[in-house]
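First residue of the sequence shown? That's 21 in our numbering, and the numbers climb one at a time after it. Everything below concerns the one structure shown next.
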Amino acid sequence: MNTLLLSSPEKLARLRAELSRSAEHAKQVYLADLDDCGVKWKDGRYRCKAVGCPRCTRTIIGQQQRKAHAFFEQMVGRPTNSDMALLTVVGNGTRHLGELRGNIEAMYKAARYRVGCLSSVSRWSTFAALGYYEVDAVGGEHLPLLGTERRALLPEIAPISISQDGPTWIPSYHAIVHTGRLGIAEVQEEFSRTWPVPGQVHVKRFQPVRSVEDNISKVVSYSLKNTCQIEIPTQMENGRWGKVYEPWPVSWQADYFTWLHQRRNGFEFLRFSISPASSRIIRDLPCHNVDNTVSSFEVEPMPILF
21 MNTLLLSSPE
31 KLARLRAELS
41 RSAEHAKQVY
51 LADLDDCGVK
61 WKDGRYRCKA
71 VGCPRCTRTI
81 IGQQQRKAHA
91 FFEQMVGRPT
101 NSDMALLTVV
111 GNGTRHLGEL
121 RGNIEAMYKA
131 ARYRVGCLSS
141 VSRWSTFAAL
151 GYYEVDAVGG
161 EHLPLLGTER
171 RALLPEIAPI
181 SISQDGPTWI
191 PSYHAIVHTG
201 RLGIAEVQEE
211 FSRTWPVPGQ
221 VHVKRFQPVR
231 SVEDNISKVV
241 SYSLKNTCQI
251 EIPTQMENGR
261 WGKVYEPWPV
271 SWQADYFTWL
281 HQRRNGFEFL
291 RFSISPASSR
301 IIRDLPCHNV
311 DNTVSSFEVE
321 PMPILF
């Protein structure tokens, strides 16, 4: 079944049915919050703010879009499409949901470290990023069906095999970045020093046919929809290649959404930012280059995001 053929109420009904079959306390808490969402409460209506709730997802995407516009206006003024790009990084995967938080935090720290190493270079002084984590789930049965690059990448960064039961969880992030005087090739090169496996890092300039505001909004919406599907290249009847989106098994969705619901705020947990060097409270730390020589750099102290 193609998940694009299911309406949001149908997806939610399947998720609720799966949660109701579980005796796990965390899943029952998540189910209760989904069931209560929209009921009258105090002077308004209760909102569960849960990832996986279609009503709250629509509302929170709108809120995050406004925050994204405000972030870049505050940090760099009014950017143009030629100043902006989409940076996607695929991190290390795990078979255990309990390890996913550590993998996500490690990605953030590594990105901050990489940018910090470069902040003394004037071209990088206005680099800023606002990103959102996305988690993919891939089973062993899906591995032979993936695109060539993805099929080659995953065994290099995640424990995955054709014979495994259950999913491998793979975190990635989509970051809206202000590149300023940087070319996208330079951004690609520098982030690839930290994530060197081919296919781990992709940088793409914003589409000039849309306004910069529209491009920012589209990245936020794409990153936070949590469609929970696996992209499989498929040759169509006309001989051209297209894509089929296979939904995760609903049990995987229930596990992932429940895990995320245990965070204080699932949507905020998936969000991170890196401000320009010129706007930071800074301190000197040693920076190890690729050749293990040491240089100095300035970096903002790690904020409490998680």
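Beta carbons: idealized from backbone N, C-alpha and C, even for Gly.
Proximity to residue 82 [Cα-Cα], best of 115, 245, 224: Position 62 of the sequence shown, counted from the first residue, corresponds to residue 82. Nearest C-alpha to residue 82: 245.
Integer Cβ distance of residue 109 from residue 189, believed to fall under 8 Å: Looking up residue 109 in the sequence shown gives position 89. Looking up residue 189 in the sequence shown gives position 169. So it is not a contact: roughly 16 Å between Cβ atoms.
Proximity to residue 101 [Cα-Cα], best of 197, 287, 254: For this step, residue 101 is matched to residue 81 along the sequence shown. Per the Cα distances, 197.
Where residue 265 sits in the DSSP three-state scheme: By 1-based counting over the sequence shown, the position of residue 265 is 245. Three-state DSSP puts residue 265 in a strand.
Pairwise C-alpha distance: residue 180 and residue 274: Position 254 of the sequence shown, counting from 1, holds the residue named residue 274. Position 160 of the sequence shown, counting from 1, holds the residue named residue 180. Going from the Cα of residue 274 to the Cα of residue 180 covers about 21 Å.
Cβ shell of residue 103 (< 7 Å), same chain only, five flanking positions each side left out: Position 83 of the sequence shown, counting from 1, holds the residue named residue 103. Closer than 7 Å at Cβ, skipping near neighbours: 198, 199, 200.
Whole alpha helix (DSSP H) elements within the region 211-289, 4-residue minimum: Here the runs fully enclosed are 232-244, 270-281, 286-289.
Proximity of residue 224 and residue 120 at Cβ, strictly below 7 Å: Position 204 of the sequence shown, counted from the first residue, corresponds to residue 224. Position 100 of the sequence shown, counted from the first residue, corresponds to residue 120. No, these two residues do not count as a Cβ contact at 7 Å.
Other residues of its chain near residue 187: CB distance less than 7 Å, five sequence neighbours each side excluded: Taking the sequence shown and counting its residues from 1, one reaches residue 187 at position 167. Non-local beta-carbon contacts of residue 187 in its own chain, meaning distances under 7 Å to residues more than five positions away in sequence, involve 157, 158, 159, 272 in chain order.
Straight-line gap, residue 231 to residue 257 (C-alpha atoms, nearest Å): Taking the first residue of the sequence shown as 1, we reach residue 231 at position 211. Taking the first residue of the sequence shown as 1, we reach residue 257 at position 237. Each residue's Cα considered, the two are about 36 Å apart.
For residue 65, the nearest candidate out of 54, 71, 72 (CA to CA): Numbered from 1 along the sequence shown, position 45 holds the residue referred to as residue 65. Among 54, 71, 72, the Cα nearest to that of residue 65 belongs to 54.
Assumed close pair residue 202, residue 144 - CB separation to whole angstroms, cut-off 8 Å: Numbered from its first residue, the sequence shown carries residue 202 at position 182. Numbered from its first residue, the sequence shown carries residue 144 at position 124. About 7 Å; that satisfies the 8 Å criterion.
Nearest candidate by alpha-carbon position, reference residue 115, set 165, 241, 191: Counted from its first residue, the sequence shown places residue 115 at position 95. Nearest of 165, 241, 191 to residue 115, Cα basis: 191.
Residues of its chain near residue 149, where Cβ-Cβ distance is below 6 Å and the 5 sequence neighbours each way are ignored: Position 129 of the sequence shown, counted from the first residue, corresponds to residue 149. Hits under 6 Å: 195, 197, 294.
Alpha carbon of residue 235 to alpha carbon of residue 227, nearest angstrom: Within the sequence shown, the letter at position 215 stands for residue 235. Within the sequence shown, the letter at position 207 stands for residue 227. Rounded to the nearest angstrom, the two C-alpha atoms are 7 Å apart.
Proximity test, residue 293 beta-carbon vs the ligand NAD heavy atom, cut-off 6 Å: Annotation note on the ligand NAD: not contained in the displayed structure, which lists no ligands.
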